[in-house]
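Peer 1: In my numbering, the protein residues as written are 57 to 255.
The C-beta atom is built at its ideal place from N, Cα and C for all residues, glycine as well.
Note that this is a predicted model, so its numbers are computed, not measured.
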């Protein structure tokens, strides 16, 4: 009987020790620092239609994705770049234009506005206030971009402005930092399309 009691006590003690170890392991795993998810894990690239390149001016626009954008939107970025190049504007400022359209319309040539600007139209959401031409001009990507850059280069000291400040000076939106998060993607798009440009 005594041996049975001793054996039972040993088994109980071993079980208790095992339980303590298991609890300690769980607590340790919960309190241990965790790796932050990478950008790739958070933002997945879209699956773009398998289509041939489209020629926009001097730029051969790929199917994509490039910085998360497929050809239908990359075409609009190409029009923005072509409008800038026609004014002798380099790639840094081209990226400002692309960034602005990303922030305004996600590079979509949309035929509607929002609560703040119900009369806004096009890539840059330019308003029907007499400053941005006709409806047809605002809905034409090349012309809309031309109007954007024309206004930008007339702003005193525009070259010293940060990308989002430059965009804000043209668009006169509520938040001067609104466009910041799109500039890196705009640079990627401009670099890729520049690499696909023929002289």
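Output yes or no for whether 8 Å exceeds the beta carbon distance between residue 165 and residue 195.
Peer 2: Their beta carbons are under 8 Å apart, which means residue 165 touches residue 195 by this criterion.
Peer 1: Under three-state DSSP, which class holds residue 116?
Peer 2: If DSSP states are grouped into helix, strand and coil, residue 116 belongs with the strands.
Peer 1: Tell me whether the beta-carbon of residue 205 lies closer than 8 Å to the beta-carbon of residue 111.
Peer 2: No, the Cβ-Cβ distance between residue 205 and residue 111 is not below 8 Å.
Peer 1: With a 10 Å radius around its C-beta and 16 neighbouring C-beta atoms as the bar for buried, classify residue 216 as buried or exposed.
Peer 2: Exposed is the call here.
Peer 1: How many Å lie between residue 106 and residue 119 at the Cα?
Peer 2: Using only the alpha carbons, I get a separation of about 6 Å.
Peer 1: Alpha carbon to alpha carbon, how far is residue 200 from residue 122?
Peer 2: Taking the straight line from one Cα to the other gives about 23 Å.
Peer 1: Helix, strand or coil for residue 245, going by three-state DSSP, please let me know.
Peer 2: Three-state DSSP puts residue 245 in a helix.
Peer 1: So, at 7 Å on beta carbons, what are the nonlocal neighbours of residue 145 in its own chain, with the 5 sequence-adjacent residues on each side left out?
Peer 2: Taken in chain order, the residues that qualify are 205.
Peer 1: Between residue 178 and residue 133, what straight-line distance do the alpha-carbon atoms span, to the nearest angstrom?
Peer 2: So the alpha carbons of these two residues sit roughly 13 Å apart.
Peer 1: Going by other Cβ atoms of all chains shown within 10 Å of its Cβ, with 16 needed for buried, is residue 272 buried or exposed?
Peer 2: There is simply no residue 272 to check, as the chain begins at 57 and stops at 255 in what is shown.
Peer 1: Mapping the DSSP letters down to three states, classify residue 235 as helix, strand or coil.
Peer 2: Looking at residue 235 - three-state DSSP - the assignment turns out to be coil, as it is neither helix nor strand.
Peer 1: Could you spell out where the alpha helix (DSSP H) holding residue 198 opens and where it closes?
Peer 2: It spans 197-208 - the alpha helix (DSSP H) in which residue 198 sits, taken as one unbroken run.
Peer 1: Three-state secondary structure (DSSP) at residue 252?
Peer 2: Here residue 252 sits in coil by DSSP.
Peer 1: If you draw a straight line from the C-alpha of residue 129 to the C-alpha of residue 252, how long is it?
Peer 2: If you take the alpha carbons of residue 129 and residue 252, they lie about 16 Å apart.
Peer 1: Does the Cβ of residue 91 have 16 or more other Cβ atoms within 10 Å, making it buried, or fewer, making it exposed?
Peer 2: A caution first: residue 91 carries a pLDDT of 38, below 50, which makes its placement in the model unreliable, though a value can still be read off. Exposed.
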